[in-house]
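Asker:
2 protein chains.
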Amino acid sequence: MPPVPVVIGVDVGNTRLSTALIDAAGNILHLWREATPAEEGANAVIPLLIQMIRQAQDYAQGQRNQSPAGVGIGFGGPIDHITGLIRRSHHVAGWDGVALGELLQEASGLPAFLENDANAGGLGEALFGAGQGADSLLYVNIGTGIGGAVIINSRIHRGAHSNAGEIGHVVIDPWQGPICTCGKRGCLEALASGPALGTAARRRLQEETNTHSALTALPAHEVTGSTVGEAAQQGDHLALEIVQKAAEYLGLALAGVANVLDPELIVIGGGVSELGDLLLEPTRQAFQGYAALPVAASTPIVTAQLGYDAGVVGAAAVALVELEAT
Amino acid sequence: MPPVPVVIGVDVGNTRLSTALIDAAGNILHLWREATPAEEGANAVIPLLIQMIRQAQDYAQGQRNQSPAGVGIGFGGPIDHITGLIRRSHHVAGWDGVALGELLQEASGLPAFLENDANAGGLGEALFGAGQGADSLLYVNIGTGIGGAVIINSRIHRGAHSNAGEIGHVVIDPWQGPICTCGKRGCLEALASGPALGTAARRRLQEETNTHSALTALPAHEVTGSTVGEAAQQGDHLALEIVQKAAEYLGLALAGVANVLDPELIVIGGGVSELGDLLLEPTRQAFQGYAALPVAASTPIVTAQLGYDAGVVGAAAVALVELEAT
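Rendered as structure tokens:
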């Protein structure tokens, strides 16, 4: 009996690099992690990635007497699936136009597949996480930014310009919304990402000097998405209001997308999703108020299941799907 | 050589019923049209449809010595593709829960396929209209209401609850927008449909008694989508402002959907689209301001090409696709 195929999942994040040997059922057999040498740029990251992939190859050979079938790479930034190039990285210099898939394919001798990390994360959830058994889902990753993925027939829907899933820059409130890092006013990312929670809290604290929030004890630069989230979890009224307001915008955005895409379910991942029902309950309420009836009544909104390992499992899922298809 | 297959396209509208004999290249060979006996309800419409389909069968037999391969039916209201039932009609009584496809299949002895008219229209444009050659498109029909369709890989994307494409009830401005017929505030349909143009104009005329618009000469009930459209085409400033404002909302809605779906192009059909570039130029400008860069730069927004015949050609397209698939 031939061994269950294994692949290498690679997650290229702005703060950490992860590789893992993963089997065709999505199980992590072994995982390696390194800090991203972000300040040294892509020229330092690429050799480190090659070394980490070799480590995984050696492990597979030594422990399982098996060669991995391929490498899936999730990259934290926009890529062009048609040309196979990285479009840009917002945080690490030197990535623009790099053909990372090709580079890692040559270095490892294995077929390698490049995907942006939101698409990889969505596919991972669809195959091995919260979306198992669903044909289609909308995945939204809420952290420092907001990314997303559209999964249809258990495959990534990439769209005509490799842009599908970009829910973070859907403009929700162009009239009163805050300016987004992308320059537009009122993008979902400017209303509901981690940094948006911090910004909203700092503004409220400045305006309402009288508030009883525990956040008043913090210096302004420590009022961030995570401290607001922690305060909300401890029942702080101001922090709860801010999370609820973000959830309303999120519910409005999800309702609009779901009306047109009509996915089987919606999966919310990323750091901010760790707030769980504190975020998701008001999101569901807003969603039900804004979505068309058949969608509002029967589209579950659930938290992602792969958590911290979503990156490597998602990248492995990309490789598994591509290898099956080729 | 076997003859080119022909199918019967059936368009069940609220004001008119159309059937046509259509070949596999989307050409209309013959067309029949009747007024919808709307006041008598579905019980009067169904026998008339059966009679019109027989007429098309007889014509195919007599003129071409050929039996049509199937019947495609576009229905002007929500249908449930999974159960094959009509969900409801907003304008004609007695349709709720009717299995129209089955009924017409039994009566004609031909395989029959039921679809809502927006999906049929979108597929028609993709195969035989403005979307020829495109793999994916977003179709939006702007008339009394706003419907839409998502076409991916040249097939209708129906979604998990047969609701995909429902862009008319995407909530765009829940804060200041007008109440929609569906009960929600600020749906696209309440901001950019034909009736929405009329409502906006009547409000402006009431507020601004001093305006020089030609619309002031009309009694209020004649200030409608079509008279506003006509006035705009003649350069009337108030009417132009109203069309431009509607176009801005449309561009905002299209940008949000396109960010997530990333279609190859966007096709605008329906009565209001007859305004052409008067509507589409400000729509494109708003779209480019609101969409993410790769989408904003390379997603054409064009008018539908099938015009008055979109209903029957779209319905025929549904039958042609389904017959190929079975």
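Sequence lines, in order, name chains A and B. Residue numbering for the first sequence is 805 to 1130, as defined by my numbering. Residue numbering for the second sequence is 805 to 1130, as defined by my numbering. All residues carry an ideal CB built from backbone N, CA and C; glycine is no exception. In this text the structure is predicted, and so the values were computed from the model without any measurement.
#1: Isoleucine 1070 of chain B to leucine 941 of chain B, Cα distance in whole Å?
#2: Where does leucine 1044 of chain B fall in DSSP's three states?
#3: Measure the Cβ-Cβ separation of glycine 878 of chain B and valine 954 of chain B and say whether it is below 8 angstroms.
#4: On the premise that valine 1027 of chain A lies in contact with leucine 1009 of chain A, defined as a C-beta separation below 8 angstroms, what is that separation, rounded to the nearest angstrom?
#5: So with Cβ pairs under 8 angstroms, would you call serine 763 of chain A a contact of chain B?
#6: Please classify cysteine 991 of chain B: does DSSP put it in a helix, a strand, or coil?
#7: Measure from the alpha carbon of alanine 829 of chain B to the alpha carbon of each residue in B:Val1064, B:Ile850, B:Thr1103, B:Gly933, then state which is nearest.
#8: Need the endpoints of the beta strand (DSSP E) that leucine 833 of chain A sits in, please.
#9: So that I know if they touch, is there some Cβ in chain B lying closer than 8 angstroms to that of glycine 901 of chain A?
#10: Can you check DSSP and say which residues form a bridge with tyrosine 943 of chain B?
#11: For the beta strand (DSSP E) containing isoleucine 850 of chain B, list its first residue and its last residue.
#12: Three Cβ pairs or more, each shorter than 8 angstroms: is that satisfied between the segment 955–963 of chain B and the segment 984–997 of chain B?
#13: Quick one: is serine 940 of chain A near chain B, going by C-beta distance under 8 angstroms?
#14: Give the C-beta separation of alanine 1095 of chain A and isoleucine 971 of chain A to the nearest angstrom, bearing in mind that I take them to be a contact with Cβ-Cβ under 8 angstroms.
#15: Kindly identify the DSSP beta-bridge partner or partners of glycine 901 of chain B.
#16: Check the DSSP bridge columns for isoleucine 883 of chain A and list the partner residues they point to.
#17: How many angstroms separate the CA atom of threonine 1031 of chain A from the CA atom of serine 1030 of chain B?
#18: Using 8 angstroms as the threshold, is the C-beta distance between leucine 821 of chain B and valine 810 of chain B below it?
#19: For the segment 1046–1055 of chain B against the segment 919–930 of chain B, are there 3 or more C-beta pairs whose distance is under 8 angstroms?
#20: Out of A:Leu1022, A:Gly1073, A:Gly1118, point me to the one whose CA is closest to glycine 1002 of chain A's CA.
#21: Quick one: what's got a C-beta closer than 8 angstroms to serine 997 of chain A's C-beta in the same chain, skipping five residues either side?
#22: By Cβ distance, which residues of its chain are closer than 6 angstroms to alanine 1035 of chain B, with the 5 residues on each side in sequence left out?
#23: With serine 1102 of chain B as the anchor, note down where its alpha helix (DSSP H) starts and where it stops.
#24: Where does glutamine 909 of chain B land, buried or exposed, given buried means 16+ other C-beta within 10 angstroms?
#25: Which chain B residues are close to valine 1125 of chain A, counting only those with a beta carbon under 9 angstroms from its beta carbon?
#26: Does isoleucine 976 of chain A come out as helix, strand or coil in the three-state DSSP assignment?
#27: Return the bridge partner residues of glutamate 919 of chain A from the DSSP annotation.
#28: My understanding is that proline 872 of chain A touches leucine 1127 of chain A, with C-beta atoms under 8 angstroms, so please give their C-beta distance in whole angstroms.
#29: My assumption, with CB atoms under 8 angstroms, is that arginine 891 of chain B sits in contact with glycine 881 of chain B. Please give the rounded CB distance.
#30: Given leucine 1084 of chain B, which residues of its chain have a CB within under 7 angstroms of its CB, disregarding the five upstream and five downstream residues?
#31: Grouping DSSP H, G and I as helix and E and B as strand, with all else coil, what is glycine 963 of chain A?
#32: Compute the Euclidean distance between the alpha carbons of valine 896 of chain A and alanine 1024 of chain A, then round it to the nearest angstrom.
#33: For isoleucine 956 of chain A, return the contacting residues in chain B, with the cut-off set at a CB-CB distance below 9 angstroms.
#34: Note down the Cα distance separating leucine 1124 of chain A from glycine 876 of chain A, rounded to an integer number of angstroms.
#35: For asparagine 967 of chain B, count the other beta carbons within 10 Å of its own beta carbon; 16 or more makes it buried, fewer makes it exposed. Which is it?
#36: Within 10 angstroms of its Cβ, does arginine 962 of chain A collect 16 or more other Cβ (buried), or is it exposed?
Answerer: Taking the geometry as given:
#1: Position 266 of the second sequence, counting from 1, holds the residue named residue 1070 of chain B. Position 137 of the second sequence, counting from 1, holds the residue named residue 941 of chain B. Each residue's Cα considered, the two are about 6 angstroms apart.
#2: Taking the second sequence and counting its residues from 1, the one referred to as residue 1044 of chain B is at position 240. In this structure, leucine 1044 of chain B counts as helix in the three-state DSSP scheme.
#3: On the second sequence, position 74 is the one that residue 878 of chain B refers to. On the second sequence, position 150 is the one that residue 954 of chain B refers to. Contact flag unset, no.
#4: The sequence position of residue 1009 of chain A within the first sequence is 205, counting from 1. The sequence position of residue 1027 of chain A within the first sequence is 223, counting from 1. With 8 angstroms as the limit, leucine 1009 of chain A and valine 1027 of chain A qualify as a contact, their Cβ atoms being about 7 angstroms apart.
#5: Absent from the structure is residue 763 of chain A, since the part of chain A shown begins at 805 and ends at 1130.
#6: Locating residue 991 of chain B in the second sequence gives position 187, where the first residue counts as 1. If DSSP states are grouped into helix, strand and coil, cysteine 991 of chain B belongs with the strands.
#7: For the purposes of this step, residue 829 of chain B is taken as the residue at position 25 of the second sequence. Among B:Val1064, B:Ile850, B:Thr1103, B:Gly933, the Cα nearest to that of alanine 829 of chain B is on B:Gly933.
#8: In the first sequence, the residue the question calls residue 833 of chain A occupies position 29. That run of the beta strand (DSSP E) goes 832–839.
#9: Looking up residue 901 of chain A in the first sequence gives position 97. False, the Cβ-Cβ gap to chain B never drops below 8 angstroms.
#10: Along the second sequence, read from residue 1 onward, the residue named residue 943 of chain B stands at position 139. In DSSP, tyrosine 943 of chain B forms a bridge with B:Ala953, B:Val1071.
#11: In the second sequence, counting from the first residue as 1, residue 850 of chain B sits at position 46. That residue, isoleucine 850 of chain B, is in no beta strand (DSSP E); its alpha helix (DSSP H) goes 846–868.
#12: no
#13: Position 136 of the first sequence, counting from 1, holds the residue named residue 940 of chain A. Yes, because at least one Cβ of chain B sits closer than 8 angstroms to the Cβ of serine 940 of chain A.
#14: Here residue 1095 of chain A refers to the residue found at position 291 of the first sequence. Here residue 971 of chain A refers to the residue found at position 167 of the first sequence. Actually they do not touch by this definition, with Cβ atoms about 15 angstroms apart.
#15: Against the second sequence, residue 901 of chain B aligns to sequence position 97. DSSP, once it has assigned bridges, lists no residue as partnering glycine 901 of chain B.
#16: As a working note, residue 883 of chain A is residue 79 in the first sequence. According to DSSP, which records beta bridges pairwise, isoleucine 883 of chain A is partnered with A:Ile890.
#17: Against the first sequence, residue 1031 of chain A aligns to sequence position 227. Against the second sequence, residue 1030 of chain B aligns to sequence position 226. Taking the straight line joining both Cα atoms gives about 55 angstroms.
#18: The residue given as residue 821 of chain B occupies position 17 in the second sequence. The residue given as residue 810 of chain B occupies position 6 in the second sequence. No, the Cβ-Cβ distance between leucine 821 of chain B and valine 810 of chain B is not below 8 angstroms.
#19: no
#20: Residue numbering aside, residue 1002 of chain A sits at position 198 when the first sequence is read from its first letter. For the residues A:Leu1022, A:Gly1073, A:Gly1118, the minimum Cα distance to glycine 1002 of chain A belongs to A:Leu1022.
#21: As a first step, residue 997 of chain A must be located in the first sequence, where it is residue number 193. Cβ neighbours of serine 997 of chain A beyond the five flanking positions: Ile946, Gly947, Thr948, Gly949, Ile950, Gly972, Gly1029, Val1076.
#22: Sequence index remark: in the second sequence, residue 1035 of chain B carries index 231 (1-based). Once the five neighbours on either side are set aside, the close Cβ partners of alanine 1035 of chain B are Ala1018, Leu1019, Ala1043.
#23: Translated into the one-based positions of the second sequence, residue 1102 of chain B becomes position 298. Residues 1097–1102.
#24: For the purposes of this step, residue 909 of chain B is taken as residue 105 along the second sequence, with counting starting at 1. Buried, by the Cβ-count rule.
#25: Locating residue 1125 of chain A in the first sequence gives position 321, where the first residue counts as 1. Going along chain B, no residue has its Cβ under 9 angstroms from valine 1125 of chain A, so there is no contact; the nearest lies around 16 angstroms.
#26: Residue mapping note: residue 976 of chain A aligns to position 172 of the first sequence, counting from 1. Residue state, collapsed to three classes: coil.
#27: In the first sequence, counting from the first residue as 1, residue 919 of chain A sits at position 115. Bridge partners of glutamate 919 of chain A: A:Gly878.
#28: On the first sequence, position 68 is the one that residue 872 of chain A refers to. On the first sequence, position 323 is the one that residue 1127 of chain A refers to. Not confirmed; about 10 angstroms, so no contact.
#29: Sequence index remark: in the second sequence, residue 891 of chain B carries index 87 (1-based). Sequence index remark: in the second sequence, residue 881 of chain B carries index 77 (1-based). That belief holds up - the Cβ atoms of arginine 891 of chain B and glycine 881 of chain B are roughly 7 angstroms apart, short of 8 angstroms.
#30: As a position in the second sequence, residue 1084 of chain B is number 280, starting the count at 1. Cβ neighbours of leucine 1084 of chain B beyond the five flanking positions: Ile1072, Ile1105, Thr1107.
#31: The sequence position of residue 963 of chain A within the first sequence is 159, counting from 1. Looking at glycine 963 of chain A - three-state DSSP - the assignment turns out to be coil, as it is neither helix nor strand.
#32: Position 92 of the first sequence, counted from the start, is the residue given in the question as residue 896 of chain A. Position 220 of the first sequence, counted from the start, is the residue given in the question as residue 1024 of chain A. If you take the alpha carbons of valine 896 of chain A and alanine 1024 of chain A, they lie about 27 angstroms apart.
#33: Taking the first sequence and counting its residues from 1, the one referred to as residue 956 of chain A is at position 152. Simply Ile956, His961.
#34: Along the first sequence, one-based indexing puts residue 1124 of chain A at 320. Along the first sequence, one-based indexing puts residue 876 of chain A at 72. Whole-angstrom Cα-Cα distance: 8 angstroms.
#35: One-based indexing of the second sequence puts residue 967 of chain B at position 163. Buried is the call here.
#36: Locating residue 962 of chain A in the first sequence gives position 158, where the first residue counts as 1. When all chains shown are included, arginine 962 of chain A counts as buried.
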